[in-house]
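Q:
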Amino acid sequence: MCILFSEIIYSPNSFVVTMNISDLPVEIIKIIFDFLPNEYLVQLIDIPCIKKYTISSFYSTIIISGSWHIISHFPTVSNGIPVFRNAYNYVYFLQLNPKLSPRKVIIQEPTEAIVLLNEFPEIVARSKVEINMSGNELMCTDDISKILDIISSESLFSSLKLELNLKLSYANFKANISQRLTSLALTEGYGLEKLSKSTSLTTLSVNYFLTASDIKHIPRQLQNLKCSFKIEDSINFMASMKWKSPLSLRTLHIREAQYDGSKVLVVDISHLKVLQKFTIEEYDSINCKWVYPKCLESFTCSSARMVPRNLAVKLPELSKLSIENTDGYSKVLKFMASTFPPTLVSLDISSDILAHDNYAIQLNYPQKENTDTNLTVNSWELPFKDNLKELTIRYKPSEETTGIDDITDNDYLNYENSLTKRVQKLGLSGPSLRTAVNFDLPRLQKIDINKISIFKNLDRLCLYSMEGIDVFDCKLPDSLLKLEIHSCHFKQLHIISPNIITLKLSYCYKIIKLETSNFTIPATIERLGINHTDIRKISARFPDGMELLDLSYNRHLSFVCHFPVSLKFLSLTETSIGKTVNWIGQNCVLPTKLETLYLSCAHINDKWIRKMKLSECKKLKTLSLFAGKFKKLDINSLPKSLVVLELGCCSFQSIVGSFRSLPNLELLGLFAINLQGYFEGIANIGEEMFSDNIRFVDLQRNSLFTDELELIYKELLKKPYFESLLPGTSLIIGYNDYVQMKKAKLGAYSSPGGGADCSFIDSF
1 MCILFSEIIY
11 SPNSFVVTMN
21 ISDLPVEIIK
31 IIFDFLPNEY
41 LVQLIDIPCI
51 KKYTISSFYS
61 TIIISGSWHI
71 ISHFPTVSNG
81 IPVFRNAYNY
91 VYFLQLNPKL
101 SPRKVIIQEP
111 TEAIVLLNEF
121 PEIVARSKVE
131 INMSGNELMC
141 TDDISKILDI
151 ISSESLFSSL
161 KLELNLKLSY
171 ANFKANISQR
181 LTSLALTEGY
191 GLEKLSKSTS
201 LTTLSVNYFL
211 TASDIKHIPR
221 QLQNLKCSFK
231 IEDSINFMAS
241 MKWKSPLSLR
251 TLHIREAQYD
261 GSKVLVVDIS
271 HLKVLQKFTI
281 EEYDSINCKW
291 VYPKCLESFT
301 CSSARMVPRN
311 LAVKLPELSK
321 LSIENTDGYS
331 KVLKFMASTF
341 PPTLVSLDIS
351 SDILAHDNYA
361 IQLNYPQKEN
371 TDTNLTVNSW
381 ELPFKDNLKE
391 LTIRYKPSEE
401 TTGIDDITDN
411 DYLNYENSLT
421 KRVQKLGLSG
431 PSLRTAVNFD
441 LPRLQKIDIN
451 KISIFKNLDR
461 LCLYSMEGID
471 VFDCKLPDSL
481 LKLEIHSCHF
491 KQLHIISPNI
501 ITLKLSYCYK
511 IIKLETSNFT
521 IPATIERLGI
531 NHTDIRKISA
541 RFPDGMELLD
551 LSYNRHLSFV
561 CHFPVSLKFL
571 SLTETSIGKT
581 VNWIGQNCVL
591 PTKLETLYLS
601 CAHINDKWIR
611 KMKLSECKKL
621 KTLSLFAGKF
631 KKLDINSLPK
641 SLVVLELGCC
651 SFQSIVGSFR
661 SLPNLELLGL
671 FAINLQGYFE
681 GIANIGEEMF
691 SDNIRFVDLQ
701 RNSLFTDELE
711 LIYKELLKKP
721 YFESLLPGTS
731 LIIGYNDYVQ
741 MKKAKLGAYS
751 SPGGGADCSF
761 IDSF
């Protein structure tokens with residue numbers, strides 16, 4: 001399989017040329033792949049003819065997390081950037097791929113940065129390095145000093161592109177670190193004067209009020225500023241005040257602005273010619289007016305008073321507008337709607353903005369004589385421009401509002417023609433809906449649920465807190481790909497959508513059993529998540545083509561009829577699946593294509609393992625049996641393909657076999673289980689405990705003696721890919737600090753991954 005690059009060449013004869021992408025110049029191929037998001041690149045990695053380009057682009061940016069987790073470590077974050085557990089994990093990866101040179105390495109744990117800088121400087125010098133030290137301000141200062149000492153002592157780092165993201169209090173701040181800073185969060189005190197000569201700082205967050213005199217200390221090259229702002233009393237005698245921040249600002253986020261003066265003051269930021277995003281969270285004064293630069297693309301404010309009256313003229317490049325509330329100025333949309341600039345693609349407002357006394361909302365309603373008695377004489381329209389792609393109207397109760405007239409069928413025809421063909425993201429919410437669907441418009445009470453289908457381009461739909469509807473069986477748009485249903489009171493759910501791929505159901509407590517009579521879904525569903533419900537039994541059949549099934553956190557679930565044959569991912573975490581003998585269908589076994597199986601806290605025992613024929617899952621790579629109830633665990637009965645095995649908190653009476661029998665095993669969790677004498681017995685008969693691929697072992701809170709731990713540690717040090725051992729406290733005595741332990745490949749803490757409270761379908 002290969003990707004075809006096609007284009008139409010218009011000539012006198014007009015013909016179509018189709019060429020293989022590998023026939024293009026290398027420079028062009030690299031440009032093409034650089035523009036592809038990582039979530040798409042990951043699907044192309046196994047295609048031979050483009051594999052080297054895919055891998056190069058996919059790993060252009062990587063993250064080193066410093067995580068000690070076994071199961072809850074995810075190999076990528078939500079935007080597809082690959083994540084490595086620690087410095088050694090990253091180094092081994094580069095050794096296997098010597099031609100790979102990531103452009104940027106983001107290190108989220110400073111001690112991992114020290115290990116990498118100290119032990120592998122030549123690898124660090126190959127990439128731009130960003131060190132995120134904003135997590136623990138108490139250890140930041142020492143870590144910064146160590147990092148800077150390493151850098152200054154090595155000529156190799158003279159041209160290193162290093163970024164430091166810090167979170168510090170004034171007491172811990174050192175002026176000599178400012179020249180390496182690119183991002184800084186000051187938590188208390190006044191340390192801005194130490195930053196005035198910084199030439200590298202681009203992002204600054206200050207967790208206290210700045211005054212006009214403080215602004216002058218901000219470095220001139222700063223691009224992103226987040227702060228609170230207090231206008232001093234002396235300003236009362238001025239008619240206007242120019243914000244003297246750096247002209248290079250692209251993002252300005254004001255948490256709170258305070259002005260208590262009695263005279264009207266104009267705050268002018270119009271001179272910030274490259275400012276793209278402006279946010280002000282909290283603003284109370286009615287005597288302060290703002291003047292904005294015309295280049296703004298995103299505007300977010302807490303009060304409608306801050307929005308310019310003629311947006312198309314005042315903010316002609318605006319693409320995103322978000323208004324939290326009206327502060328009593330509820331007719332704001334009537335005055336601004338007709339002036340939305342044609343560039344506006346996203347509008348986020350609260351429901352109280354729509355609550356106009358005696359007004360009905362018509363969406364692009366044509367100018368004609370009003371013959372509908374349901375519409376008032378004073379009705380008006382929201383003339384959204386053609387570019388609007390996302391409309392969000394959040395529910396916000398208001399005691400002062402009286403509501404608006406309902407949208408009628410006639411309005412709906414125009415709603416379809418004007419808005420629904422363009423909107424791609426839509427949320428439906430409202431805590432008191434009875435016979436209505438709300439399209440995130442909580443005061444439009446008579447919308448028929450079946451009219452969801454008019455949204456022709458909708459690809460993602462969310463339903464929240466819908467009451468009064470027992471049966472959800474409406475026809476959904478053909479374009480819909482993902483449906484999420486949260487906290488709704490449906491008793492029956494019949495999904496009618498020809499192309500839907502993902503369905504997520506959570507916190508819906510009215511359904512106790514999933515049967516064919518009350519639950520049907522299309523054969524196109526590939527990913528299904530049902531979480532946090534009171535479902536006890538599932539006898540409805542799932543589509544055979546389904547690849548992901550997440551049934552975690554249904555604590556009463558004790559019966560599942562069958563599993564789809566194509567299933568690759570299955571989570572039964574925090575269920576009662578293992579409690580009863582006959583919890584599964586007579587012919588129900590685990591699918592042989594399964595790659596990931598989560599059974600944490602599901603009361604799994606020996607009998608369950610045998611009955612489900614776990615050993616026949618030849619492709620299984622990840623298995624979590626966290627908190628299982630075993631009398632005897634036979635390691636030889638586990639699939640040889642396992643890469644990750646979590647056995648933390650399991651109750652074993654005995655273990656048969658050696659972990660060496662799992663040749664591909666890399667991560668092993670043995671947290672808080674009784675292993676006394678087990679490893680020593682293997683060593684006494686001259687056998688190895690682990691295979692050569694082992695990387696990470698968690699032995700915390702178990703009954704092993706120090707001598708036995710040292711036997712394990714010595715063997716692990718001989719393994720070519722070994723990264724870390726979590727031994728508890730007995731092995732770490734003698735190491736002066738955390739960095740020394742990491743260099744010795746020892747860890748001092750962990751969070752068992754088996755019971756992590758997350759919904760795995762969210763990662764898709």
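Sequential numbering of the sequence shown, starting at 1, is according to the working numbering. Every residue, glycine too, gets a C-beta built ideally from N, C-alpha and C. In this text the structure is predicted, and so the values were computed from the model without any measurement.
Taking 6 Å as the limit between beta carbons, can you name the residues of its chain near Gln221, skipping five residues before and five after?
A: Excluding sequence neighbours, Gln221 sits near Ser248.
Q: Use the C-beta contact count for Cys301: other C-beta atoms within 10 angstroms, 16 or more gives buried, fewer gives exposed.
A: Its Cβ being crowded by 16 or more others within 10 Å, Cys301 is buried.
Q: Buried or exposed for Arg309, going by 16 or more other Cβ atoms inside 10 Å?
A: Exposed.
Q: Cα-Cα, which of Leu311, Glu281 and Glu119 is closest to Pro293?
A: Residue Leu311 is the option with its Cα nearest to Pro293.
Q: How many Å lie between Thr524 and Ser479 at the Cα?
A: Between Thr524 and Ser479, the C-alpha separation is close to 13 Å.
Q: Bridge partners for Tyr464 per DSSP, in chain order?
A: The partner list for Tyr464 (beta bridge, DSSP) reads His486.
Q: Suppose you measure from the CA of Leu572 to the CA of Lys613; what does that come to, to the nearest Å?
A: Rounded to the nearest angstrom, the two C-alpha atoms are 16 Å apart.
Q: If the criterion is Cβ atoms closer than 8 Å, does the pair Thr765 and Ser183 meet it?
A: Absent from the structure is residue 765, since the part of the chain shown begins at 1 and ends at 764.
Q: Quick one: what does DSSP say Gln258 is sitting in, helix, strand or coil?
A: Strand.
Q: Could you tell me the alpha carbon to alpha carbon distance between Tyr738 and Ile144, rounded to whole angstroms?
A: Straight-line Cα distance between these residues: approximately 14 Å.
Q: To the nearest angstrom, report how far apart Leu548 and Trp608 are at their CA atoms.
A: Going from the Cα of Leu548 to the Cα of Trp608 covers about 21 Å.
Q: Run the CB neighbour count on Leu266, radius 10 Å, all protein chains shown included, and call it buried at 16 or more, exposed below.
A: Per the sequence shown, residue 266 should be read as Val rather than Leu. By the 10 Å Cβ count, Val266 comes out exposed.
Q: Going by DSSP, what residue range makes up the beta strand (DSSP E) through Thr279?
A: Its beta strand (DSSP E) spans residues Lys277 to Tyr283.
Q: Please classify Gly747: is it buried, with 16 or more other beta-carbons within 10 angstroms of its beta-carbon, or exposed?
A: Buried: at least 16 other Cβ atoms inside 10 Å.
Q: So Ser270 is in the beta strand (DSSP E); what residue range does that whole segment cover?
A: Run containing Ser270: none; DSSP gives neither H nor E here.
Q: Are the stretch 50 to 59 and the stretch 660 to 669 in contact at 8 Å, needing three or more beta carbon pairs?
A: Counting Cβ pairs under 8 Å, fewer than three are found: no touch.
Q: Would Lys745 pass as a contact of Thr111 if the rule is Cβ separation under 8 Å?
A: No, these two residues do not count as a Cβ contact at 8 Å.
Q: Going by beta carbon distance, what residues of the same chain come within less than 8 Å of Ile635, once the five residues before and after it are set aside?
A: Once the five neighbours on either side are set aside, the close Cβ partners of Ile635 are Ile655, Val656, Gly657, Ser658, Phe659, Ser661 and Leu662.
Q: Kindly confirm or deny that the stretch 702 to 719 and the stretch 668 to 681 touch, where touching means at least three C-beta pairs closer than 8 Å.
A: The stretch 702 to 719 is in contact with the stretch 668 to 681.
Q: Using the Cβ count rule (16 or more neighbours within 10 Å means buried), how would you classify Glu27?
A: Exposed.
Q: DSSP has Pro82 in a bridge; who is on the other side?
A: DSSP lists Thr76 as partners of Pro82.
Q: Nearest-angstrom Cα distance between Pro342 and Asn387?
A: Taking the straight line from one Cα to the other gives about 7 Å.
Q: The alpha helix (DSSP H) with Gly669 in it runs from where to where?
A: Careful: Gly669 lies outside any alpha helix (DSSP H), inside the beta strand (DSSP E) at Leu667 to Gly669.
Q: Is Asp409 helix, strand or coil by DSSP?
A: Bear in mind that the predicted position of Asp409 carries a pLDDT of just 38, short of 50, making it too unreliable to give a figure here.
Q: Where in the stretch 589 to 629 do unbroken runs of the alpha helix (DSSP H), each at least 4 residues long, occur, reported from the N-terminal end onward?
A: If we require 4 residues or more, the alpha helix (DSSP H) runs fully inside the stretch 589 to 629 come out as 606 to 611.
Q: For Gln653, count the other beta carbons within 10 Å of its own beta carbon; 16 or more makes it buried, fewer makes it exposed. Which is it?
A: Answer is exposed; the Cβ neighbour count stays below 16.
Q: Give me the residue from Arg305, Leu347, His486 and Cys288 with the minimum Cα distance to Glu297.
A: The candidate whose alpha carbon is nearest that of Glu297 is Leu347.
Q: Within the same chain, show all residues whose beta-carbon is closer than 6 Å to that of Glu400, passing over the 5 residues directly before and after it, in chain order.
A: Residue confidence is low: Glu400 scores 34 on pLDDT, short of 50, so the model does not pin down where it sits. Its coordinate-derived value is still stated next. Same-chain partners within the cutoff: there are none.
Q: What residue range is occupied by the uninterrupted beta strand (DSSP E) comprising Asp34?
A: It is not in any beta strand (DSSP E) - Asp34 instead sits in the alpha helix (DSSP H) that spans Val26 to Asp34.
Q: Roughly how many whole angstroms lie between the Cα atoms of Ser724 and Phe696?
A: One C-alpha to the other measures close to 5 Å.
Q: With 16 other CB atoms within 10 Å as the buried threshold, where does Tyr365 fall?
A: Here the model assigns Tyr365 a pLDDT of 30, short of 50, so the residue's position is not dependable, and the following value carries that caveat. The residue is buried, with at least 16 neighbouring Cβ atoms inside 10 Å.
Q: Quick check on Ile47: does DSSP put it in helix, strand or coil?
A: Residue state, collapsed to three classes: coil.
Q: Name the one or two DSSP bridge partners that Met133 has.
A: Paired residues: Leu166.
Q: What is the DSSP secondary structure of Phe93, reduced to helix, strand or coil?
A: DSSP places Phe93 in helix when its eight states are reduced to three.
Q: Quick check on Val644: does DSSP put it in helix, strand or coil?
A: Val644: strand per DSSP, three-state reduction.
Q: In the DSSP assignment, what residue or residues form a beta bridge with Cys301?
A: Ile280 and Ile323, per the DSSP bridge assignment.
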